[in-house]
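To start, the structure itself, in structure tokens.
2 protein chains.
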Amino acid sequence: MFQLSKKVEYGLIALRHIAAGSRGQIFTAKEIADKYQIPFELLAKVMQKLCKKGFVVSYQGVHGGYILVRDAHEVKVSAIINAIEEKPSVSIIQCESEKPESCIIHTTCTIKDPLVKLQSSINKVFEELSIMEMV
Amino acid sequence: MFQLSKKVEYGLIALRHIAAGSRGQIFTAKEIADKYQIPFELLAKVMQKLCKKGFVVSYQGVHGGYILVRDAHEVKVSAIINAIEEKPSVSIIQCESEKPESCIIHTTCTIKDPLVKLQSSINKVFEELSIMEMV
DNA sequence: ATAAATCGGACTGTAGCGGTCGGGTTTCTA
DNA sequence: TAGAAACCCGACCGCTACAGTCCGATTTAT
Ligand code: SF4
Ligand code: SF4
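As you go down the protein sequences, you meet chains A and B in turn. Per the working numbering, residue -17 is the first one in the first sequence, and the count goes up by one each step. Per the working numbering, residue -17 is the first one in the second sequence, and the count goes up by one each step.
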């Protein structure tokens, strides 16, 4: 529990790699997968999602690949996580990430309030780290 | 991902409940389970673990139950989590919570160092909240 | 025409988690 | 002394989420 999913880690690695290149440089999923020994198919999926969420732009065809869209300084880890996992996944408690009623004891729960505060502290941590600070 | 396990939540609720009572007061797993609509069997397991880890003392027999051992101010959420989940589970990355080799790409990983720093920030958050602050 | 790349859905195997069950031990009390 | 009430402990089960794979389609440079 509490571990980043592999998808997220692969996404971070890939974005960091792209951010480390020269501005506007294009990278293919294959070369990144090879370099870091990441399963190619899986990384491809992640890149597609990052593309749909607007972190990278994709080019199809022979010399296709991905380039970074935004300034790497502005790309925060929290945004990447939430892009790859669909639900607001940096959430410590399910009554926040899903509907409150999803937890059978949400009416009698006494720990929700303190945990929500704790949550916001954690959010800050993830929002402070940008992809650029990882190169 | 990132969600506290139910066991941990139930443990927190139970400890908070005990801490809210008068000093040295004894509580049974059953009454706590009833009060918060927690599955009894599961809570029992959690309490047993908290007992073995020295957070509470158990008394068997008809009027048995659990009482708090330490001063509630000193019982931190991080300690509770690590007691209930055996592995150091407040860990964002598996190469820290388990052996480094457990991650197939640990030799080529470029995000480990920044994530470790992020990790220590998160640890602080969990170490700052004590059970007493939740009553 | 071919090859190299993205796209996208379907599929699978596994491990972890939430929850349950059954049987045991201890201790109070009627 | 019997029974009830509590803790103790291991085994078990069903489900879901996750990691990873596969296949086929589309785009585009050469
Ligand atoms: S137990 Fe409390 S905090 Fe956890 S999900 Fe349910 S309501 Fe939210
Ligand atoms: S990907 Fe990197 S950070 Fe994540 S577990 Fe493997 S080595 Fe650690």
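From the three backbone atoms N, C-alpha and C, an ideal C-beta is built for every residue, glycine too.
Asked: Separation of Ser73(B) from Leu87(B), as counted between CA atoms; Found: Leu is not the amino acid found at residue 87(B); the sequence shown has Ile there. Distance between the alpha carbons of Ile87(B) and Ser73(B): 18 Å.
Asked: Reduced DSSP secondary structure (H/G/I, E/B, other) of Phe22(A); Found: helix
Asked: Heavy atom of ligand 1 within 7 Å of Leu97(A) beta-carbon; Found: yes
Asked: Own chain residues within Cβ distance below 8 Å of Gly46(B), not counting five before or after; Found: Ile8, Thr10, Ser40
Asked: Best match in Ala65(B), Thr89(B), Ala1(B), Pro96(B) for proximity to Lys17(A) [C-alpha to C-alpha]; Found: Thr89(B)
Asked: Heavy atom of ligand 2 within 7 Å of Ile93(B) beta-carbon; Found: yes
Asked: Under 9 Å by beta carbon: chain B residues contacting Met116(A); Found: Thr92, Ile93, Asp95, Pro96, Leu97
Asked: For Val59(B), the first and last residue of its enclosing beta strand (DSSP E); Found: No beta strand (DSSP E) holds Val59(B); the alpha helix (DSSP H) holding it covers 59 to 66.
Asked: Close beta carbons around Ser79(A), own chain, < 7 Å, minus the five adjacent residues each side; Found: Lys69, Pro70, Ser71, Ser73
Asked: Any non-hydrogen atom of ligand 1 within 7 Å of Glu115(B) CB; Found: no
Asked: Range covered by the alpha helix (DSSP H) that runs through Ser(-13)(B); Found: Premise fails: Ser(-13)(B) is in no alpha helix (DSSP H) and is neither H nor E.
Asked: C-beta neighbour in chain A for Tyr41(B), strict 8 Å; Found: no
Asked: Any alpha helix (DSSP H) of 4 or more consecutive residues that is wholly inside the region 68 to 116 of chain B; Found: 76 to 79, 94 to 110
Asked: Contact test: Ile87(B) Cβ vs ligand 2 heavy atom, cutoff 7 Å; Found: yes
Asked: Close beta carbons around Arg(-2)(A), own chain, < 7 Å, minus the five adjacent residues each side; Found: Ile113, Met116, Val117
Asked: Span of the beta strand (DSSP E), counted from its first residue to its last, around Val44(B); Found: First-last for Val44(B): undefined, no H or E at that position.
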